[in-house]
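Number of protein chains: 2
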Amino acid sequence: MQAENTTLNSFDPHVSVDCVILGYDGESLKVLLSRQGEEDPNSQYNSLKLPGRLLYADEDLDDAANDILNQLTGSQNHYVRQFRAFGSPTRTNNPKDVLWLENAIKQKIGRIVTIAYLSLVRINNRTHRTFAGHDAAWYKVSELPELAFDHSTIIREVLKELEMLSVQQPHLIFEMLPPKFTALQLRRVHEQICGHELDVRNFSKFIMNKPYIVPLDEWEQNVSHRAARFYKFQVGKVKL
Amino acid sequence: MQAENTTLNSFDPHVSVDCVILGYDGESLKVLLSRQGEEDPNSQYNSLKLPGRLLYADEDLDDAANDILNQLTGSQNHYVRQFRAFGSPTRTNNPKDVLWLENAIKQKIGRIVTIAYLSLVRINNRTHRTFAGHDAAWYKVSELPELAFDHSTIIREVLKELEMLSVQQPHLIFEMLPPKFTALQLRRVHEQICGHELDVRNFSKFIMNKPYIVPLDEWEQNVSHRAARFYKFQVGKVKL
């Protein structure tokens with residue numbers, strides 16, 4: 112291309128990294144969101160957003176994503192990968208978002224290109240404790256409130272990708288599941304990824320046909336309904 | 112995250128879009144490269160690079176990639192998708208690259224985050240003619256010269272991705288092949304993607320097992336070796 116042509120129209124957008132951190136608490140598929148401001152109905156900006164920040168001068172994109180994740184979860188052992196860059200000029204259409212960011216970074220903001228990362232984590236008590244210091248919390252993906260910037264779109268696109276990945280790289284789903292899970296839990300997480308109910312009988316066949324989903328000789332305890340069997344994910348049995 | 116923390120270290124990198132345009136001429140897998148300057152051994156910058164440019168103020172990332180592709184190939188009907196963002200601080204380590212870009216855009220350059228796109232095209236006479244106006248040409252991926260910025264790394268990463276995609280989404284390979292192709296041509300393109308030779312007998316079995324690779328009642332004409340059969344790719348027969 113003629114780099115000379117770019118003089119007229121090119122410009123310097125800000126670059127940020129945002130993380131779509133998904134987890135499953137045994138019932139609901141959830142995404143970790145942080146708050147732009149105090150939870151106050153009179154606040155000029157109080158939307159929820161994906162955890163993220165502007166890129167620092169000395170770090171690579173992956174470093175920024177890992178730093179955000181580590182700060183939030185206190186652990187470096189999560190599945191994380193770059194998902195996609197989002198750079199539409201309409202990302203900053205909401206003046207509240209721009210005002211929030213300009214006040215936060217004390218700079219004028221024109222456009223922001225963000226590199227979105229996808230991370231899958233297990234929800235447990237330890238991660239809950241760490242989030243508190245960052246004003247972050249889990250929200251059900253099926254009942255998301257209004258989000259800042261284009262973060263709703265980013266989450267929707269991530270879920271579409273995860274639906275495809277759950278077929279092509281089925282082991283990824285187990286990054287979010289507890290070490291022992293029931294068939295119902297596994298079905299529910301798949302249903303919430305694809306956004307619709309799955310046929311119970313077909314799903315039972317699906318489980319039986321997968322050598323990496325191994326039935327255990329353990330059943331639920333102290334439940335009012337019929338106790339369900341536990342399964343585990345067996346690494347090495349999945350065909351990558 | 113605490114957006115307040117970013118004041119100290121955040122900065123405004125440039126954002127560019129670069130396209131890895133791959134094609135197959137019946138023998139070699141090739142990538143389209145453009146030249147930073149005149150082909151002159153005394154030039155201060157004469158490296159080859161991926162076609163690309165800085166993002167314009169009013170366009171989305173996909174728009175920029177499509178614009179680059181359309182200008183080069185004169186066609187809007189190519190497979191193209193966002194591949195990955197590259198943003199290492201070391202991308203601009205070579206002073207020749209920085210000098211070239213600063214002279215081209217008449218601005219100081221610090222860091223550049225680039226969004227790389229992957230496109231698969233058929234190499235034919237029409238595309239050849241259009242390239243000439245852009246000082247762009249096809250180069251064999253197996254014999255790449257030194258490239259500007261981290262463009263060699265980007266191409267290597269794209270080939271790794273394409274190797275994975277050729278299993279998960281096999282129809283993509285046929286975007287580069289002529290409408291009729293021989294088994295040898297199909298094997299060669301797979302070999303050049305994965306970077307090593309494939310077993311001939313296993314590959315023949317692979318072809319026979321795929322309902323979307325359909326043998327034709329046509330054979331090569333006027334060849335000195337034994338005439339090979341032609342195959343075609345049948346849309347709708349591939350399980351997506």
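Line by line, the protein sequences are chains A and B. First residue of the first sequence: 112, per the numbering used here; consecutive thereafter. First residue of the second sequence: 112, per the numbering used here; consecutive thereafter. No residue lacks a Cβ here, since even glycine has one placed at the ideal position from N, Cα and C.
Contact check for Leu140 (chain B) against Gln303 (chain B) passes: the beta carbons are separated by less than 7 angstroms. Interface annotation, Gln187 (chain B): not in contact with chain A, CB-CB separation never under 7 angstroms. Residue pairing by DSSP puts Cys130 (chain B) in a beta bridge opposite B:Tyr228.
Taking 3 residues as the minimum length, the beta strand (DSSP E) runs contained wholly in the segment 163-216 of chain A are 163-165 and 190-197, in order along the chain. With a beta-carbon spacing of about 28 angstroms, Lys271 (chain B) and Lys343 (chain B) fall beyond the 8 angstroms limit used to define contacts.
Residue environment: Gly198 (chain B) is assigned as buried (16 or more neighbouring CB atoms within 10 Å of its CB, all protein chains considered). Contacts with chain A at 7 angstroms (Cβ-Cβ) do not include Ser315 (chain B). Residue pairing of Pro326 (chain B) in beta bridges, as defined by DSSP: B:Tyr342.
With a beta-carbon spacing of about 16 angstroms, Val128 (chain B) and Thr203 (chain B) fall beyond the 8 angstroms limit used to define contacts. Within chain B, Asp171 have C-beta atoms less than 7 angstroms from the C-beta of Ser199 (chain A), given in sequence order. Cβ-Cβ separation between Leu288 (chain A) and Gln280 (chain A): approximately 15 angstroms, too far for a contact (criterion under 8 angstroms). The beta carbon of Arg312 (chain A) lies closer than 7 angstroms to none in the same chain, with the five residues before and after it left out. At least one beta carbon of chain B lies nearer than 7 angstroms to the beta carbon of Ala196 (chain A). By the beta-carbon neighbour count (other beta carbons within 10 angstroms, threshold 16), Trp249 (chain A) is buried. From the listed residues B:Ile179, B:Arg340 and B:Lys316, the smallest Cα separation to Ala247 (chain B) is found for B:Ile179. Using beta-carbon distances, Val224 (chain A) counts as an interface residue toward chain B, with a partner under 7 angstroms.
Residue pairing of Arg233 (chain B) in beta bridges, as defined by DSSP: B:Tyr135. Residue pairing by DSSP leaves Ala294 (chain A) without any beta bridge partner.
Cβ contact annotation for Pro124 (chain A) (same chain, cutoff 8 angstroms, sequence separation greater than five): Gly198, Gly221, Arg222, Ile223 and Val224, in chain order. When the beta-carbon positions are compared, Glu286 (chain B) and Tyr190 (chain B) come within less than 7 angstroms of each other. Exposed is the label assigned to Ser315 (chain A), since fewer than 16 other Cβ atoms lie within 10 Å of its Cβ.
Going by C-alpha positions, Thr184 (chain B) is about 44 angstroms away from Leu309 (chain A). Exposed is the label assigned to Gln187 (chain B), since fewer than 16 other Cβ atoms lie within 10 Å of its Cβ. A distance of 7 angstroms or more separates the beta carbons of Tyr228 (chain A) and Phe260 (chain A).
Against Pro124 (chain B), the close residues of chain A are Asp123, Pro124, His125, Val126, Leu166 and Ala168, in the order they occur along the chain (beta-carbon pairs closer than 9 angstroms).
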